[in-house]
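*Asks:*
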Amino acid sequence: MSLLEVSNLRIDYITEAGDVSAVDGVSFHVEENQIFGLAGESGSGKSTVVQGILRLLRPPAAITGGSVKLLGKDLLALSEDELRRVRWRDASLVFQSAMNALNPVLRISEQLTDVMLAHDALSPPAARERAEELLALVGIDPGRLDSYPHELSGGMRQRVVIAIALALRPKLLIMDEPTTALDVVVQKEILAQIAELRQRLGFSVLFITHDLGLMLEFCTHIGVMYAGKLVEVAEAAQIYREPRHPYTQGLLASFPDAVADQAELEGIPGSPPDLLHPPPGCRFHPRCLHVQKRCHAELPQLFTLSGSHRAACHLLSQV
Amino acid sequence: MNLSRASSKLKSGLKFVLRRLGFYLMAAWASITLAFLIPRLMPGDPASAMFARFKGQLKPEAMDALRQAFGFSDAPLHQQYLSYLGHVLRGDLGISISHFPASVNTVIGGALFWTLLLAGVSVVLSFGIGTALGVISAWRRDGKLDRFAPPALIFLGAFPYFWLAMLALFLFGFELGWFPLGHAYADHLTPEFSWAFIGSVLKHAILPAVTIVVATLGGWMLSMRNTMISVLGEDYISLAQAKGLLSRRVMWIYAARNALLPNVTGFGMALGFVLSGSLLTEIIFSYPGQGYLLIQAVRSLDYPLIQGLFLTITLAVLGANWLVDIAYAWLDPRTR
Amino acid sequence: MKGLFASRQALAGLALLALFALVALFGPYLVQDPTAFVGVPLEPPSGAHWLGTNGQGQDVLAQTIAGARMSLLVGFAVGFGVVAIGAVVGTAAGFFGGLIDDGLSLLINVFLIMPGLPLMVVIAAYLPPGPVTIAWVLIFTGWAWGARVIRSQTLALRNKDFVSAAIVTGEHPLRIILWEILPNQSGLLVSSFIGATLYAIGAQVGLEFLGLGDVSQVTWGTNLYWASNDAALLTGSWWTFVPTGLCVALVGLALGLLNNAIDELSNPRLKRETAYERRLRAAGVKPGTATAVLLERNVPVVPAIDAAEPVGGE
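Protein chains in written order, with this note's numbering: chain V, 186 to 504; chain A, 2 to 337; chain W, 66 to 379.
#1: By the criterion of Cβ-Cβ separation under 8 Å, what are the contact partners of A/R335 in chain V?
#2: How would you label V/G454, buried or exposed, when you count the other beta carbons within 10 angstroms and need 16 or more for buried?
#3: Near W/T262, which residues of its chain fall below 8 Å by C-beta distance, leaving aside the five closest residues on each side in sequence?
#4: Please report whether the beta-carbon of A/L276 lies at a distance below 8 Å from any beta-carbon of chain W.
#5: From the DSSP output, read off the bridge partner residues of A/F274.
#6: What residues from chain W crowd round V/I199, counting only those whose CB sits closer than 7 Å?
#7: Are the Cβ atoms of A/A120 and A/S279 separated by less than 8 Å?
#8: Mind checking W/Q97: buried by the 16 CB within 10 Å criterion, or exposed?
#9: Note down the Cα distance separating A/W140 from A/M252, rounded to an integer number of angstroms.
#10: Would you say V/L175 faces chain W, with C-beta separation under 8 Å as the test?
#11: To the nearest angstrom, report how far apart W/G317 and W/D226 are at their CA atoms.
#12: Please report the distance separating the alpha-carbon of V/T489 from that of V/A419.
#13: According to DSSP, which residues form a beta bridge with V/D272?
#14: Would you kindly report the start and end of the unbroken beta strand (DSSP E) that includes W/M185?
#15: Under 7 Å: does the beta carbon of A/I130 sit that close to some heavy atom of the ligand FAD?
#16: Going along the chain, which residues of the segment 304–316 of chain W sit with their C-beta nearer than 7 Å to a C-beta in chain V?
#17: Can you give the Cα-Cα distance for A/L172 and A/P289, rounded to whole angstroms?
#18: Given a cut-off of 8 Å, decide if A/A328 and A/V265 are closer than it, judged by their beta-carbon atoms.
#19: Taking W/P352 and A/D147 to be in contact with their CB atoms under 8 Å, please state how far apart those CB atoms are, rounded to whole angstroms.
#20: Kindly indicate if chain W contains any beta-carbon less than 8 Å away from that of V/R385.
#21: Does DSSP put V/V290 in a helix, in a strand, or in coil?
#22: Would you verify that the beta carbon of A/F17 is, or is not, closer than 8 Å to some beta carbon of chain W?
#23: DSSP on V/G408, reduced to helix/strand/coil?
#24: Please tell me whether W/G120 and W/P109 are closer than 8 Å, where the distance is taken between their beta carbons.
#25: Indicate the three-state DSSP secondary structure (helix, strand or coil) for W/S136 in the structure shown.
#26: Where does V/A496 fall in DSSP's three states?
#27: Would you please verify whether the beta carbon of A/G267 is less than 8 Å from any beta carbon of chain V?
#28: Cβ of W/L272 within 8 Å of Cβ of W/A189?
#29: Compare the Cα-Cα distances from A/G131 to each of A/V215, A/T116 and A/V108 and report the closest residue.
#30: With burial defined as no fewer than 16 other Cβ atoms inside 10 Å of the residue's Cβ, what is the status of V/M400: buried or exposed?
#31: Are any of the Cβ atoms in chain W nearer than 8 Å to that of V/A283?
#32: In chain W, which residues lie less than 8 Å from V/R240 when you measure between Cβ atoms?
#33: Are the beta-carbon atoms belonging to W/A355 and V/E265 less than 8 Å from one another?
#34: Quick check on the DSSP output: the beta strand (DSSP E) that includes V/E420 runs from which residue to which?
#35: Going by alpha carbons, who is nearest to W/P196 out of W/T156, W/T206, W/L164 and W/G278?
#36: If we define contact as Cβ-Cβ less than 8 Å, is V/L278 a contact residue for chain A?
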């Protein structure tokens with residue numbers, strides 16, 4: 186049984202103008218001890234996927250297909266109350282911006298303990314004690330427990346958000362661009378700390394960022410998304426060594442690499458498609474350098490190249 | 002260490018509240034000055050016209066008192082201003098013309114209680130109910146409340162308060178006879194602390210209070226609903242939901258409490274407006290408060306009373322705003 | 066603006082306003098002299114007088130229609146005045162900042178907090194009664210509302226690149242305000258105009274009802290003044306105040322609908338997700354706080370992916 190198994194997930198934004206297919210048939214799974222990264226440009230649907238997994242998307246978003254199994258439970262079949270019990274206990278979420286993720290008018294202590302009190306039969310003093318331990322765990326003076334968010338620095342706030350995410354010792358930590366708002370030094374510190382906590386507590390991570398360099402460094406497995414579709418998934422090293430999908434290749438070529446000496450950075454020509462009217466066939470074909478006739482009409486499926494390396498491209502299936 | 006931080010927080014909260022007090026003192030001074038300037042800035046010298054009008058009607062000592070309260074004399078303007086300020090600061094607002102020889106203070110003081118009772122209770126009720134409805138309406142965007150209440154309340158809010166009062170009085174007082182047609186309590190009773198008297202006060206207050214609540218409810222509800230909808234889009238709400246907290250807690254502690262903040266500020270600013278409406282409502286119900294005095298003062302051109310009412314009502318609004326600020330400082334830790 | 070015409074709320078509001086504008090323009094020519102004594106006082110509605118007569122024996126229908134002209138004229142004039150002063154003071158405060166802003170903001174806040182009605186009464190009591198007096202009094206007591214929103218919008222615009230660029234290139238401040246800032250506030254100016262007109266019509270009716278207007282003129286406010294003066298309530302003559310009140314409310318409703326439509330345009334989140342709600346209802350899914358799940362069972366199933374063998378930690 187996988188820790189998290191997402192199969193064929195479809196998420197639409199149902200608007201007056203029509204359905205925007207933000208996530209279209211995405212499948213991947215996260216196992217114990219993995220750090221699975223979802224990469225892609227903004228608007229590729231990676232954030233929608235993780236928010237959809239915990240069913241946090243608001244109207245007009247609706248999940249229109251597929252299944253999400255967390256520790257064997259199908260989250261899409263749960264009632265609101267059942268879902269409430271599963272949330273945070275089995276999977277927690279670290280938000281993009283800690284500035285906005287913490288409620289400005291509640292003390293840190295309250296935001297840390299309420300989640301424990303909601304899920305565990307715990308006395309308030311015991312919850313408080315655990316909250317202090319959690320702060321110490323992420324490297325914050327437990328004396329700051331009664332601070333308000335605005336009294337903490339940006340890095341400290343992000344650590345608090347991580348402490349909240351660890352409050353129930355979940356098996357899976359979902360991190361949605363957790364360090365984007367921070368400067369590079371703090372960013373490195375926090376990621377190093379997560380790696381260290383992971384060793385100690387043994388949870389898996391589903392990690393989202395648009396920063397491919399960061400992802401290659403931090404993740405064990407990587408899925409690449411384009412325009413709502415997963416186009417390639419493999420172990421991080423494989424993605425780095427031999428990216429097979431033209432989009433992944435373009436993405437890798439467009440980020441500065443300190444190791445390989447590239448003569449110049451290449452971008453990907455064109456821009457992501459309008460998801461209200463996605464192009465027929467392969468969604469990447471208008472921008473693809475190797476486009477062929479069938480790419481215009483046929484939707485390529487993900488298929489296995491070798492081991493855990495899979496990609497969705499007609500070029501690769503022609504062998 | 003905790004203690005020192007707590008005390009420094011308290012100090013900065015106090016600083017906010019004191020800074021606002023400074024502003025209100027400034028606004029009070031501005032209104033007092035405005036009341037001094039207006040008669041002197043008007044075309045055609047209304048000051049002398051005012052005295053001309055009352056010549057012969059008033060005893061000479063009343064004229065003197067009037068002149069003094071307004072600071073009208075042959076002295077240069079700044080001296081007039083100083084003597085006027087002195088009177089106002091001592092709480093001497095002059096003699097009422099229509100209630101001669103009663104002082105403006107006595108006349109206003111007798112009516113202040115009824116205005117505070119009626120306007121105070123209805124404004125607080127309306128804000129409380131409207132805010133709660135706004136929270137529920139925004140939380141359940143597909144619910145009946147959010148579907149039907151906003152347009153209906155925009156419509157109700159479009160009627161002048163006093164017109165709604167006329168209609169209510171006509172329907173429930175005149176046609177159906179459920180409620181008395183006016184006054185604050187039955188004429189045969191004398192104010193005392195008895196069930197009969199309190200019951201009579203309640204019975205007389207219900208219709209005007211309900212009118213004010215109905216007329217103002219929509220404004221509070223719509224603005225709370227709109228801020229609540231914005232707050233519901235915030236990440237901290239998603240986080241609270243992802244944490245698996247009870248819906249009740251997310252709705253009230255996480256969302257409503259934050260959405261309340263801009264609305265509390267709006268509440269302070271709208272107080273003057275709402276109070277104006279409730280003054281007109283008092284007139285319809287012959288409710289013996291400030292509004293009823295206002296129309297008497299206008300009809301008999303009782304300038305000292307008009308000015309006294311302006312100052313009293315303004316100071317009451319400023320004071321209420323300061324209370325609102327204290328509540329705000331208590332609700333929002335960032336001001337502390 | 067295009068969005069405004071697509072909104073049903075806005076269209077309803079505009080249509081109502083247009084109707085009242087027509088009544089105000091042409092109505093007085095279509096009815097008899099509203100001040101003429103035409104029948105027994107306080108006569109209930111009848112074939113001769115569709116809305117009855119008032120306490121002076123005047124035709125209520127004629128009075129209601131004739132009253133629209135002055136009431137709307139004063140309302141729109143005050144709306145215009147409030148926005149004009151608000152635009153000047155608000156942009157000056159927001160654009161120049163510093164001491165100018167401190168001073169003007171203080172002035173704005175003082176005027177905002179002063180209760181309007183008593184201040185209006187204090188001023189109006191000294192002036193000759195009439196619509197012009199009322200218009201000036203309402204502008205004097207109401208300008209700060211417009212100035213406040215325009216100031217904060219100007220502050221936001223001032224930090225935009227195109228304004229900074231204009232400042233750096235040394236353009237004249239007046240030119241920047243007129244060409245760069247004001248055009249970008251057109252939406253806000255329109256919504257403040259609507260808000261101010263709404264306030265003006267209500268306050269005008271209130272002041273005239275108090276007897277501070279020219280009671281010999283026919284306006285909606287004086288109609289209500291006479292209704293109350295002639296003890297309409299105590300004689301049960303509902304027809305003397307109901308028609309006028311309904312007209313005031315309908316104009317208010319029209320302006321309120323327009324303002325709401327503008328709010329929804331500037332903050333799309335306020336709009337109902339009608340397509341989404343329809344789909345959920347069709348699927349029989351009750352909306353809740355968790356993302357709705359609409360599984361279409363007939364979607365072709367993509368071949369199941371082969372599960373990769375778990376790869377141990379790094």
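Virtual Cβ for every residue (Gly too), placed ideally from N, Cα, C.
*Replies:* Quick answer:
#1: P289, V290, Y333 and H335
#2: The question names Gly, but residue 454 of chain V in the sequence shown is Pro. Exposed is the call here.
#3: Answer for W/T262: G140, F141, V143, G144 and L320, listed in chain order.
#4: Yes, contact with chain W.
#5: DSSP output for A/F274 lists no bridge partner at all.
#6: A340, Y341 and R344
#7: yes
#8: exposed
#9: 7 Å
#10: Here chain V comprises residues numbered 186 to 504, so residue 175 of chain V is not present and cannot be evaluated.
#11: Whole-angstrom Cα-Cα distance: 39 Å.
#12: 10 Å
#13: For clarity, residue 272 of chain V is Arg in the given sequence; the question names Asp instead. The partner list for V/R272 (beta bridge, DSSP) reads V/A276.
#14: Not the beta strand (DSSP E): W/M185 falls in the alpha helix (DSSP H), residues G181 to A189.
#15: Absent from the structure shown: the ligand FAD. Ligands present: none.
#16: none
#17: Near 22 Å, if we compare the C-alpha coordinates of A/P289 and A/L172.
#18: yes
#19: Actually they are not in contact, since the Cβ atoms of W/P352 and A/D147 sit about 11 Å apart, beyond 8 Å.
#20: no
#21: coil
#22: For A/F17, not one C-beta of chain W is nearer than 8 Å to its own C-beta.
#23: If DSSP states are grouped into helix, strand and coil, V/G408 belongs with the strands.
#24: no
#25: helix
#26: strand
#27: no
#28: yes
#29: Checking every option, the nearest Cα to that of A/G131 belongs to A/V215.
#30: buried
#31: Contacts with chain W at 8 Å (Cβ-Cβ) do not include V/A283.
#32: Per Cβ cutoff of 8 Å: A355, T356 and V358.
#33: yes
#34: K414 to E420
#35: W/G278
#36: yes
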